[in-house]
Structure formats: C-alpha cells, structure tokens
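Protein chains: 2
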Amino acid sequence: MPQGVPTAIPDDGLTTRQRRNMPVLAVHTGDGKGKSTAAFGMAMRAWNAGMRVAVFQFVKSAKWRVGEESALTALGEIHESTGQGGPVQWHKMGQGWSWLRANSDAAEDHAEAARAGWAEIARRLAAAEHDFYVLDEFTYPLHWGWIDTDDVVTALRERPGRQHVVITGRRAPQALLDSADLVTEMHKIAHPMDAGRKGQKGIEW
Amino acid sequence: MPQGVPTAIPDDGLTTRQRRNMPVLAVHTGDGKGKSTAAFGMAMRAWNAGMRVAVFQFVKSAKWRVGEESALTALGEIHESTGQGGPVQWHKMGQGWSWLRANSDAAEDHAEAARAGWAEIARRLAAAEHDFYVLDEFTYPLHWGWIDTDDVVTALRERPGRQHVVITGRRAPQALLDSADLVTEMHKIAHPMDAGRKGQKGIEW
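Chains as they are written, first to last, in my numbering: chain Z, 1 to 205; chain B, 1001 to 1205.
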C-alpha cells in the first residue's frame, strides 16, 4: 500500500500537484493471475471517482471476462440512472468491436481486427474521449507484431490531458515497459490448475 | 489466462466436477501493487455469479479502499433492488467492525481489534454465512503474531461447504502459503512513487 511518501523528488520543475495529476500508464504483465483482474479493480475505482471508463478486450473469445463486464456495465447503468460514478463502455474484439456495424470481415482476421481496435483507441486518445482505459490482453498483438509497438508508445506519450491507461498481458514489449509509469509483474507461485482442477464460475471468470 | 486444461490429474478419487466445485483459498502477496485490487476484482466477479460477498479490511485507516467499497456497495444495492448478482457486506477494522455496537475500546487496541475480527470471520466460516470472503491486509496481524496462523489455517481447512477466501498483504506466513490453492506474488517493477509522484484519487484509492 502506498504511504503517500515519494522515495525521491525529481528535478522536473513541476509542483507536487502537477506531478500528482499526471496521467498514469500502467502495465500488468507476468505469468501469474490477477493482471486483468487488478486492471478491472482499478476501473471500479476510476468509476467511483467519476472517470469515463472504457475497456477494450483484445481477445478472440469473450468467455473469460463476463463477470467483470457484467459488473462494470451495471456500474455504468448506475451512473446513467443516478449520476453516481462515471460512464462505462466495454468493447470486445472477439465480437468485431462494438463501434463497428459491418464487422464480420474484421472479426475473421485477428491481426486486422487488432489493428482496427488500436486505430480506434488511438483516435479516442487523441480526442481525449475517456479518462480511464483498460487495454486488456493488448500485449499479445504487440508481441506478435500485428501492431507496431513504437506507434503505440508514441501515441501514449503524446496523449493529451489526463487520460490513464492500463495495459495487461504476458510478454509486454520492453519499449512499452520502458514508457510505463507503473509496471507490476504478477508471478505465479501456486495455482489450482496444477492440482488438476478446472476453472469455476465466479472464480476464474 | 487459464486455458481450462489442468497440467496434471490428481489421484484423489474425485470427479472433475467435484474438483471444479472445490472451494478456493487464494493469497495475493509480494511487494507490488494489485494485491487488494485483484482481490476486489475477483469479488466483482463473485458478485456477478450471485455469491454472497463479504469484505473484511484489516487496516487502521479506511482511506485507501473507498473506491472499491463504494463500487462494491453499489453492486450490493443493485442486488437488493433487482436481484442481479449477490449481496455485498463490507466491514472495516479501522472503524471498530460494523457488526459491533460498543467498539471504541477494540478500535483503540489494534491487536485486540484484529483478533475480534478474526473471531467473527471464523464464526461465519463455520456457519457458511458467505460464499466469497476478502480478508484484506490480513497477513499483517498474522505476521505480527496478533493472530495465530495455525488457528487460521485450521479454520480455513475445516470450513464447510464451498466458501472461497482471498487473503491479501505482504509477508504472508509460510504456513498460510502452504495451505493455499492459489498464491500470486505481485512484484513491483516500476512505480510512480519512485519518480516523486504522490497518489491520486481514482488511481491509488
């Protein structure tokens, strides 16, 4: 738990308030569990702070995050009806991205779909459309070379305003890690799978 | 992300379904961020599965989890009004535990308050009152010897039914780790604090 005491004061000419209000780029990587779950926990916190939350799932199947999607969407509906928290958007590559109408072709080609997703996110970042982005499993299209990591790093570095971004997934490219403010590696020590258990609803998804 | 394929099939005489439905004890430890946040993300998922969620915060100050508390409580209210998801309870040691009326003395003595919290949790586990427990920062009273780790391990091992428990915090005792089904270590690679930033609302709390 952060104690609120920085370990060093940088010589960057900024006030504490200016530094405090800087946008955060966080990467959750490693082979352990909790990378996405922690990102969605952060999204819950961002919702509470009234931020405009947007989730982009870079996965082929929407099977694994139904619990988080349902809960965060329910929080978004609270915002719509009562004004509490912030609005929530949830977009899935596996279903051809929700902002696209005619998406069947893009959904067939995963590399193309990933690039279409990133192009839209880059557009939204430039327009400062959200306050808190979760790019779930986004490291994979970077690792596989479907999306150029340098383009992503540049777009993130040049994003205007105070937009927070959390990127999850294994094998995060080094250039992405180098540009992040916060990198956490989730390391597996023990897992029920090792004891021959399969996942169960409410725990694994 | 689990692929649903166990790496070994144990010779325990159980069917896959029996194994799948076994209660999970998870521990999130290490010096990195995301231990509690991932636990609350899991709680969000458990809520969606209709589980009865209960959070017990073993911290002196309630400052750090207000976002998660507010969001999970909002989800609990959705359950109350629409039946979606499950009920949510949130208890804080820092305020003398919400099930106690006259709690000022216990709140003064942190060791005593921690023991009172654990006694209540042990009672609820024995009575199977909840389906999903978050014992946030519970490793500290164990590490400091305020609560006996063997008692905890025994109570958890003997808990009836299908009650899932997630314990978070640094310095988890080895006996607890040995008894867990799932241990994830969050390892800090980079953190904004290192660059002299202080925490900000919606990101750090």
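Even for Gly, the Cβ is constructed at its ideal location relative to N, Cα and C. Predicted model, so just to flag it, every value in this text is computed and none were measured.
According to the Cβ coordinates, are residue 1148(B) and residue 1039(B) closer than 8 Å?
no
Nonlocal neighbours in the same chain, by C-beta distance under 7 Å from residue 24(Z), ignoring five residues either side
164, 181, 182
Any beta carbon from chain Z within less than 8 Å of residue 1047(B)'s own beta carbon?
Yes, residue 1047(B) counts as interfacial toward chain Z.
Where does the unbroken alpha helix (DSSP H) through residue 1132(B) begin, and where does it stop?
Counting along the chain, residue 1132(B) falls outside any alpha helix (DSSP H), though it belongs to the beta strand (DSSP E) covering 1132–1136.
Cβ atoms of residue 1138(B) and residue 1096(B): under 8 Å apart, would you say?
no
Does DSSP put residue 1118(B) in a helix, a strand or coil?
helix
Just how far apart, CA to CA, sit residue 185(Z) and residue 150(Z)?
22 Å
Reference residue 1074(B), options 178(Z), 44(Z), 145(Z), closest by Cα
44(Z)
Against chain B, with Cβ distances strictly below 8 Å, would residue 37(Z) count as a contact?
yes
Output, in chain order, the set of chain B residues within a Cβ distance shorter than 7 Å of residue 40(Z).
1041, 1044
The alpha helix (DSSP H) that contains residue 24(Z), what's its start and end?
Counting along the chain, residue 24(Z) falls outside any alpha helix (DSSP H), and DSSP gives it neither H nor E.
Could you tell me the alpha carbon to alpha carbon distance between residue 72(Z) and residue 201(Z), rounded to whole angstroms?
17 Å
Let me know the secondary structure DSSP gives residue 1126(B) once reduced to three states.
Looking at residue 1126(B) - three-state DSSP - the assignment turns out to be helix.
Answer yes or no: do residue 1133(B) and residue 1056(B) have a C-beta to C-beta separation smaller than 8 Å?
yes
Check the Cβ of residue 1167(B) against every Cβ in chain Z and list those closer than 9 Å, keeping chain order.
Here the premise fails: no neighbours, minimum Cβ distance about 13 Å.
Examine chain C for any beta-carbon lying closer than 8 Å to the beta-carbon of residue 180(Z), and answer yes or no.
Considering every chain present, this structure includes no chain C. Its protein chains are Z and B.
Taking the C-alpha atoms as reference points, what is the distance between residue 1099(B) and residue 1076(B)?
17 Å
Kindly list the residues whose CB is nearer than 8 Å to the CB of residue 1159(B), restricted to its own chain and excluding five residues on each side of it in sequence; keep chain order.
1023, 1125, 1126, 1128, 1165
Give the interface partners of residue 70(Z) over in chain B, defined as CB-CB distance under 7 Å, in chain order.
1048
Is DSSP giving residue 1040(B) helix, strand or coil here?
helix
Looking at residue 86(Z) and residue 51(Z), is the spacing between their C-beta atoms short of 8 Å?
Going by C-beta atoms, residue 51(Z) is nearer than 8 Å to residue 86(Z).
What's the C-alpha gap between residue 1179(B) and residue 189(Z)?
Cα to Cα, residue 1179(B) sits roughly 12 Å from residue 189(Z).
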